[in-house]
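Below is one structure, written out as structure tokens; the observations come after it.
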Amino acid sequence: SACLHPTHHFKEAFGLFDRVGDSMIGYNQVADVMRALGQNPQNKEVAVILGKPSPDDMANKRLAFADFMPMMEKVDKIVKGTLDDYVEGLRVFDKEGNGTVMGAELRIVLGTLGEKMSEAEIDSLLIGQEDENGSINYEGKSCSTSKEQIPWILHRSCHRLF
Numbered sequence: 001s002a003c004l005h006p007t008h009h010f011k012e013a014f015g016l017f018d019r020v021g022d023s024m025i026g027y028n029q030v031a032d033v034m035r036a037l038g039q040n041p042q043n044k045e046v047a048v049i050l051g052k053p054s055p056d057d058m059a060n061k062r063l064a065f066a067d068f069m070p071m072m073e074k075v076d077k078i079v080k081g082t083l084d085d086y087v088e089g090l091r092v093f094d095k096e097g098n099g100t101v102m103g104a105e106l107r108i109v110l111g112t113l114g115e116k117m118s119e120a121e122i123d124s125l126l127i128g129q130e131d132e133n134g135s136i137n138y139e140g141k142s143c144s145t146s147k148e149q150i151p152w153i154l155h156r157s158c159h160r161l162f
């Protein structure tokens with residue numbers, strides 16, 4: 001049917017991560033499956049939900065779909081940052097108080113603080129955001145309406161960073 005129950009969608013995505021063929025995923029894949037399903041949990045949140053497994057358990061233990069679903073529900077209930085939280089976080093890096101941050105500085109922050117992003121993730125996040133001076137407008141004060149504002153992109157893509 002065209003309107004499948006969300007559980008079917010979740011089960012299908014879960015199955016794509018099953019590399020062994022036992023209808024299970026590794027503990028070290030749980031966060032990736034959650035992210036593939038639209039959640040964006042911090043790794044430490046996933047570790048708590050998994051019962052704080054050892055590095056050996058993270059590498060070797062496996063999880064069935066029936067055990068994954070309650071974990072997915074827990075992650076969905078975790079309070080996420082609001083758009084205002086991201087604007088506030090970016091304001092810390094706004095040296096001149098004009099609603100902009102330096103792209104180079106934001107790249108360093110995204111690559112070194114919180115759950116570090118890869119260079120490729122940062123590039124894809126910031127594509128088209130920097131002006132000719134290397135500044136990124138985060139408060140919507142630019143004349144351009146074609147660009148999605150950076151706090152919204154951060155809110156949607158990487159709440160785990162701040």
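Once you know that position 156 of the sequence shown is 156 in UniProt numbering, the rest is easy, because the numbers rise by one and skip nothing.
Glycine is no exception: its CB is placed at the ideal position from the N, C-alpha and C atoms.
The structure displayed is predicted, hence computed values, not measured ones.
Can you look up residue i in the DSSP assignment and give me helix, strand or coil?
i, result
"residue 143", "Caution applies to residue 143, whose pLDDT of 39 falls short of 50 and renders its modelled position unreliable; the value that the coordinates give is listed next. Three-state DSSP puts residue 143 in coil, outside helix and strand."
"residue 161", "Confidence at residue 161 is low in this model, with a pLDDT of 46, below 50, so its placement is unreliable and no value can be given for it."
What residues are listed by DSSP as bridge partners for residue i?
i, result
"residue 132", "Note: residue 132 sits in no beta bridge, so no partner."
Determine, for residue i, whether the minimum Cβ-Cβ distance to residues of chain B falls below 7 Å.
i, result
"residue 61", "The structure shown contains no chain B; it holds only a single protein chain."
Would you say residue i and residue j are within 7 Å of each other, going by their C-beta atoms?
i, j, result
"residue 71", "residue 49", "yes"
"residue 110", "residue 122", "yes"
"residue 64", "residue 24", "yes"
"residue 78", "residue 45", "yes"
"residue 13", "residue 36", "yes"
"residue 130", "residue 97", "no"
"residue 43", "residue 132", "no"
"residue 29", "residue 75", "no"
"residue 89", "residue 62", "no"
Restricting to runs no shorter than 4 residues, where is the alpha helix (DSSP H) found entirely within the region 20–103?
30–36, 43–49, 55–60, 65–77 and 83–91
Segment contact flag, the region 132–141 with the region 84–102, C-beta cutoff 8 Å, min 3 pairs:
Counting Cβ pairs under 8 Å, three or more are found: they touch.
Is the region 16–25 close to the region 44–60, with three or more CB pairs under 8 Å?
no
With three or more C-beta pairs closer than 8 Å as the rule, is the region 56–63 touching the region 81–91?
Under the three-pair Cβ rule at 8 Å, the region 81–91 does not count as touching the region 56–63.
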